[in-house]
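J.: Here it is: the structure, laid out below.
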Amino acid sequence: MRTVLNWLNLSTALGLLVARLGGATISRHGRGTYLATGYRWSFPVASAFTVGSVIVSKHDLAYLVERPLLLRHEDRHCTQYAWVLGVVMLPLYVACAGISWVLAGDHSSYNPFERLASLSDGGYPSPRSRFSRRS
């Protein structure tokens, strides 16, 4: 169902376009996802990011395959695209990342998209508000 929704909401098509424009090599991965490796653009700064059902990385295929937790984290983002109406997720994600930046000084700690995808699986540290008490 997720795969069909991400094709219908155009997010997978956008992900494949971004990957191609970034010079990535695209391969099928399973569960309707694609791995786009060798992405050449410097934005966004991440070991991997997801658009629709496309997981994009500047690294090679072996890098991703050797990191099943990272793939599981990104796979959860694929599902989020399906339930948040595809490309609508992009501005929502940016807004949540901005709020997290204000609260914690990073884009992930208080971003519900990252939290629901599992911060630890994505390699993110546990949340710590810059307004919390320091001992």
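For the sequence shown, the positions run -10 to 124 when this note's numbering is used.
Glycine is no exception: its CB is placed at the ideal position from the N, C-alpha and C atoms.
Ordered along the chain, which non-local residues of its own chain (more than five positions away) have a Cβ less than 6 Å from that of N(-2)?
T.: If we look at N(-2) and ignore the five residues flanking it on each side, its Cβ neighbours are L74, G75.
J.: Can you tell me whether H48 is helix, strand or coil according to DSSP?
T.: Three-state result, H48: coil.
J.: Assuming S109 and E103 make a contact with CB atoms under 8 Å, what is their CB distance in whole Å?
T.: Incorrect: roughly 11 Å between the Cβ atoms, too far for contact.
J.: With DSSP run on the structure shown, which of helix, strand or coil describes V73?
T.: V73 falls in the coil class under three-state DSSP.
J.: Reducing DSSP to helix, strand and coil, say where S107 ends up.
T.: Coil at S107, not helix or strand.
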